[in-house]
Amino acid sequence: MLIFFFLIIVSTLFYFYYKTKQIRATLPIRKKWYASTASIFLGSFVFFFGINQLTIFQSTVTYIISGIFIILGLAMIIYNFKAAKHYHKFVAEESRLNE
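Heads up: the sequence shown runs through residues 188 to 286, numbered per the working numbering.
Written out as structure tokens, the structure is:
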């Protein structure tokens, strides 16, 4: 499916964007926020890759491996969404204190 291929590409681009922002950031909380945001997109890449494999191949092994990818991707998205939400509370305060 073309839509999953597009979502995989977009997830990869956003992952590299936020990973680059993380490397260039100097403040520690902002680095953690960028890292967790990048990991959200890495999880979405794994999730969409698993779904894409389900649409391409139809075998028992594919179902098992794709299921693992989908579960792992969802777990990464949920965990890092909570982490990004937690760190986002402190980003403005950290910027204000380090001016």
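Glycine included, every Cβ here is placed at the ideal spot set by N, Cα and C.
Quick one: Cα of residue i to Cα of residue j, how far?
i           : j           : result
residue 206 : residue 245 : 34 Å
residue 191 : residue 263 : 18 Å
residue 210 : residue 204 : 10 Å
residue 272 : residue 194 : 23 Å
residue 278 : residue 217 : 6 Å
residue 142 : residue 199 : The requested residue 142 does not occur in the structure, where the chain is confined to residues 188 to 286.
residue 223 : residue 282 : 18 Å
residue 235 : residue 265 : 15 Å
Can you tell me which of the three DSSP states residue i falls into?
i           : result
residue 285 : coil
residue 240 : helix
residue 271 : helix
residue 263 : helix
residue 246 : coil
residue 214 : coil
Just to confirm before moving on: does the CB-CB distance between residue i and residue j stay below 9 Å?
i           : j           : result
residue 270 : residue 231 : no
residue 208 : residue 274 : no
Cutting at 8 Å between CB atoms, please list the residues of its own chain near residue i, excluding the five before and the five after it.
i           : result
residue 240 : 249, 252, 253, 256
residue 242 : 188, 191
residue 261 : 230, 234
Tell me which same chain residues have a C-beta within less than 6 Å of the C-beta of residue i, skipping the five on either side of it?
i           : result
residue 202 : 225, 228, 229
residue 284 : none
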